[in-house]
Amino acid sequence: MTTHIHIDNQAGRRHAELTGRLQTIVDRCASEVAGAVGMELPSALTIRLLTPRTWRKRVMGNMRERVAAEVRDLAPDPSAAKKVNRQVGLQRLSLRLVWMLLGPRTVRLPDGTSEIWFAPDSARHAGLYDNEDELTLGFAHELIHPAQQLRSPLLATVDTPFPHERGWAGRAAAPFIEGHATWGGMQIATKILGHTPHENGKAVQGPSLQSRFWGKLFSQTRKARYEDPLTFFDQVIEGTEADPGLGIERFNQVWSDIECFPTIEEMSNPHTWLKRVRPLLAETDPAARLGDER
Numbered sequence: 005m006t007t008h009i010h011i012d013n014q015a016g017r018r019h020a021e022l023t024g025r026l027q028t029i030v031d032r033c034a035s036e037v038a039g040a041v042g043m044e045l046p047s048a049l050t051i052r053l054l055t056p057r058t059w060r061k062r063v064m065g066n067m068r069e070r071v072a073a074e075v076r077d078l079a080p081d082p083s084a085a086k087k088v089n090r091q092v093g094l095q096r097l098s099l100r101l102v103w104m105l106l107g108p109r110t111v112r113l114p115d116g117t118s119e120i121w122f123a124p125d126s127a128r129h130a131g132l133y134d135n136e137d138e139l140t141l142g143f144a145h146e147l148i149h150p151a152q153q154l155r156s157p158l159l160a161t162v163d164t165p166f167p168h169e170r171g172w173a174g175r176a177a178a179p180f181i182e183g184h185a186t187w188g189g190m191q192i193a194t195k196i197l198g199h200t201p202h203e204n205g206k207a208v209q210g211p212s213l214q215s216r217f218w219g220k221l222f223s224q225t226r227k228a229r230y231e232d233p234l235t236f237f238d239q240v241i242e243g244t245e246a247d248p249g250l251g252i253e254r255f256n257q258v259w260s261d262i263e264c265f266p267t268i269e270e271m272s273n274p275h276t277w278l279k280r281v282r283p284l285l286a287e288t289d290p291a292a293r294l295g296d297e298r
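Position in the sequence shown counted from 1, then plus 4, gives you the working numbering.
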């Protein structure tokens, strides 16, 4: 299925040239998503380029809307709701400090559709504004998130402030979702670019002092969420000689059942996760009904 991607440049005319470059990049990446991760993108997708101030305002507005909806739906204890609202306030401060570290961001709108919001000035801070390889890798990663959300209605509540009530407590949801997008995005970018991104082993370092300071401070957190899970997906999808993987089609059944999402411990032990989820997937997997006992 062809996805129509519209880039809405609200960040100013100085980013008009970037808008054209990004249109070429995202169109190429979008055509590779299904082949890389076995998921379709929605038929239409909007990417909005925003000023940093507008980006922060919209992200915070979306966050408040989602928290308010969860409070309405779950009716938590007033003290719990108050605590969550305080945490949202802290997020506002955090975004003001570290927005330049955050690249494209997929957001779910109140009507259930997804958009990608991007502040081009964050790419300037990171030194990636004119780096086609890095922009390709970044948007290849981000385009997988709308596909994940379309495939899995469960993800509508994955960022809930009440994980126990929604069944997400104890699940390594963030590294699983982001790691999957990193794994698929790397495949897409490599195919498009003709070489592996970061093949020299060094990430591009931005010229901004702020970017370097906050990037160093949060480097281990980002590594744990985006890079460390790559080994997990290599093993559970592609497999090893000792333990065949699930393959893309069977792996994607995971997205329909919270019980199939890995725990924090299982993200570090793919074999344990595979052993647990294979029986859960067997009822809907044709290969299992034919006697696949892997």
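Even for Gly, the Cβ is constructed at its ideal location relative to N, Cα and C.
Counting along the chain, Arg32 sits inside the alpha helix (DSSP H) bounded by residues 20-41. In this chain, the beta strand (DSSP E) harbouring Leu53 covers 48-53.
Taking the C-beta atoms as reference points, Ile120 is found no nearer than 9 Å to Glu138. If you draw a straight line from the Cα of Tyr133 to the Cα of Glu231, it comes to about 22 Å. If you keep only unbroken beta strand (DSSP E) runs of at least 3 residues inside the stretch 40-112, you get 48-53, 109-112. Comparing alpha carbon positions, the residue from Asn273, Thr164, His184 closest to Pro150 is His184. Approximately 6 Å separates the beta-carbon atoms of Ser126 and Leu106; this is inside 8 Å, confirming the contact. Shortest Cα-Cα distance from Pro46 to any of Thr7, Asn13, Leu26 involves Thr7.
In the displayed model, Glu245 falls within coil according to three-state DSSP, outside both helix and strand.
C-alpha of Glu253 to C-alpha of Gly42: approximately 7 Å in a straight line. Val30 and Ala48 have their C-alpha atoms spaced approximately 13 Å apart. Boundaries around Ile268 are those of the alpha helix (DSSP H), 268-271, since no beta strand (DSSP E) includes it. For the pair Ala15 and Thr58, the CB atoms are nearer than the 9 Å cut-off. Per the coordinates, the alpha-carbon of Thr161 lies some 28 Å from the alpha-carbon of Gln191.
With fewer than 16 neighbouring CB atoms inside 10 Å of its own CB, Ser83 falls in the exposed class. Looking only at Trp103, Pro124, Glu270, the smallest Cα-Cα distance to Asp12 is reached by Pro124. Secondary structure note for Trp121: its beta strand (DSSP E) is the uninterrupted segment 118-122. For Asp238, no beta strand (DSSP E) segment is defined, and its DSSP state is neither H nor E. In the same chain as Ala73, and ignoring 5 residues on each side of it, no C-beta atom comes closer than 7 Å to its own.
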